[in-house]
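Take 115 as the starting number for the sequence shown in this note's numbering and just add one per residue. One structure is given below, encoded as structure tokens.
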Amino acid sequence: MTTEQAKSPPPLEIPDSEIFVKVRIIDTTVRLLGAPARTIWQPAIKGFDNFDAGTWAFLIEHPSGRKLLFDLGLRKDWWNTAPACGLQELVDSGVIKRIEVKKNISEILRDNGVRLEEVEGLIWSHFHWDHIGDPSTFPPTTKLIVGPGVESNFFPGFPTDPNSPILQSDYAGRELREIDFSSDSLQIAQFKAFDYFKDGSFYILDSPGHAIGHLSGLARTTPSPGATFIHMCGDTANHAGEVRPSVYQPLPEFMMPSPSPNTHPGLCPGHLFQPIMRNESPLEHILEFQNPPEHPKHDTKYAANYSELRATIQKIEELDGHSQILTVMAHDWSLKDVVDEFPEDANAWIEKAWKGKGMWRFLRDFAGIFAF
């Protein structure tokens, strides 16, 4: 394999700031087990038959003490999600083999000394059931923050609208804030951006495609100059193979740590994985998201917008190409045992080399297809 040189990503052009937030990465205790990979991604890859994952969420704490939660995972009593989600049908039909949720995220926070009254806002990356949790477990002083078009497309919730994927109890009695990117000219690395705290410490990014109103987050984890960031991707990509390799992160000649430690415990040659690359190119991401055919809704508002999603993926690849940005996708469970989890904070991620340790770990999902 010829080693490809990484292309320099476009400049970030993020305004300098000495203010940064503390970020904690939360395992929401959700486990989605046995989802058939070929209904989620294309192309179908021999050996990559089923997908098991959890869901990450993030606690964001401003120096002032203000706190936000980015994503909530799945509610513990998942069978009480809105009927339009079709979650019970997915389990009964075997599309998802098993769902496990040990705790609501509100319980996880309380168990670790976070008072729910201190959380000023819950940010839904999007309206899907494995991200919206159960906001009713938070006090009414906690606002719900959503992306453009969510209110007009999905409110009122169930039961008033039997076809809504959300519940009225998700927002009843609390402030609803829909982020309007049209009123702000701020742009971060090609994303329309909203500076939540107005000091450059945390940006909400407009990242459409996977779902109407999809949001991602960009948190400053160290001050300028030399600032570092964590990019909370939500479901803009469900698997790291949707963004890697890329022209900014080419498949390397050798990988260490190895994504296949059982067969290559030291250096793992990159060329072993080249046959599953699109066009066998070390510069093109492996997977493309597709709408599962078993999706219970056929209305286009429930489906992915592929042209928008492709544009968003390209922007993610550009951010991922910067050494000072850690990319965390909501279901990227290859980062398990790489990152420090709540209640520990993640701000020292660059010193702990999490980006390098986790960059190619996702390839372990494909390691079984090779006869080494």
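Ideal Cβ positions, reconstructed from N, Cα and C, are used throughout, including at glycine. No experiment lies behind these values; they were computed from the predicted model shown.
For residue j and residue i, believed in contact at Cβ under 8 Å, the rounded distance
i: E402; j: Q156; result: 5 Å
i: E289; j: V264; result: E289 to V264, Cβ: 14 Å. No contact.
i: D434; j: Q363; result: 6 Å
i: W463; j: I344; result: 7 Å
i: D313; j: I133; result: 4 Å
i: P457; j: N226; result: 4 Å
i: N352; j: I154; result: 7 Å
i: A354; j: W170; result: Wrong, their Cβ atoms sit about 13 Å apart, outside the cutoff.
i: E432; j: P124; result: 6 Å
i: D349; j: H242; result: 7 Å
i: T256; j: G287; result: Wrong, their Cβ atoms sit about 10 Å apart, outside the cutoff.
i: H240; j: H324; result: 6 Å
i: C198; j: P129; result: According to the sequence provided, residue 198 is Ala. The question's Cys does not apply to it. The Cβ separation is near 41 Å, so there is no contact.
i: N461; j: T336; result: 7 Å
i: S250; j: D284; result: 7 Å
i: E356; j: H399; result: 6 Å
i: V442; j: I139; result: 7 Å
i: K469; j: L440; result: 5 Å
i: L338; j: S207; result: The question names Leu, yet the displayed sequence has Ser at residue 338. Actually they do not touch by this definition, with Cβ atoms about 51 Å apart.
According to DSSP, residues forming a beta bridge with residue i
i: W155; result: F403
i: W170; result: D141
i: H345; result: L332, T441
i: A460; result: BP columns for A460 are empty, so no partner.
i: N164; result: P150
i: R212; result: L147
i: E292; result: V260
i: L182; result: I174, G235
i: F113; result: Here the chain comprises residues numbered 115 to 486, so residue 113 is not present and cannot be evaluated.
i: L489; result: It is not possible to answer for residue 489, since the shown part of the chain is limited to 115 through 486.
Coarse secondary structure for residue i, derived from DSSP in three states
i: A354; result: helix
i: I280; result: coil
i: C382; result: strand
i: K415; result: helix
i: P124; result: coil
i: G56; result: Because the chain spans 115 through 486 in this model, residue 56 falls outside it and cannot be assessed.
i: V453; result: coil
i: I133; result: coil
i: Q304; result: coil
i: E398; result: coil
i: V361; result: coil
i: I390; result: helix
i: I326; result: coil
i: F368; result: strand
i: L188; result: coil
i: H340; result: Note on identity: in this sequence residue 340 is Gly, with His being the wrong assignment. In the structure shown, G340 sits in coil (DSSP, three-state: anything other than H, G, I, E or B).
i: T195; result: coil
i: Q119; result: coil
i: S374; result: coil
i: K469; result: helix
i: G287; result: coil
i: H242; result: coil
i: R229; result: coil
i: P253; result: coil
i: S448; result: helix
i: K429; result: helix
Neighbour flag for residue i against chain B, beta carbons, 8 Å
i: V209; result: Absent from the structure is chain B; it holds one protein chain and no more.
Any non-hydrogen atom of the ligand GDP closer than 7 Å to residue i Cβ
i: G247; result: The ligand GDP is not among the ligands present in this structure, which contains no ligands whatsoever.
Close-in-space but distant-in-sequence residues of the same chain around residue i (CB under 6 Å, 5 per side omitted)
i: V361; result: K121, L397
i: A167; result: L146, H445, W447
i: L365; result: P359, G384, P396
i: F387; result: L477
i: R334; result: F134, S315, A341, F343
i: E214; result: R145
i: R180; result: E234
i: I259; result: G235, I237, R291
i: E232; result: K181
i: Q404; result: Q156
Other residues of its chain near residue i: CB distance less than 7 Å, five sequence neighbours each side excluded
i: L309; result: Sequence check: residue 309 is Asp here, not Leu. Contacts found: L300, Y317.
i: A196; result: G271, F272, S278, P279, I280, L281
i: P322; result: H328, N419, E422, T426
i: R152; result: A158
i: I326; result: G263, V264, N267, K415
i: G482; result: G161
i: E175; result: V135, K136, K181
i: D459; result: K136, V137, R138
i: F480; result: I159, G161, F162, F387, I390
i: R224; result: L230
i: F295; result: P262, K306, F308, D320
Chain-order list of residues whose beta-carbon lies under 8 Å from that of residue i (same chain, five-residue window excluded)
i: H412; result: Unreliable placement is indicated for H412, whose pLDDT of 48 sits below 50; no coordinate value is reported for it.
Quiz item: Hey, is the region 446 to 455 in contact with the region 300 to 316, meaning 3+ C-beta pairs nearer than 8 Å?
Solution: no
Quiz item: For the region 180 to 192 against the region 160 to 167, are there 3 or more C-beta pairs whose distance is under 8 Å?
Solution: no
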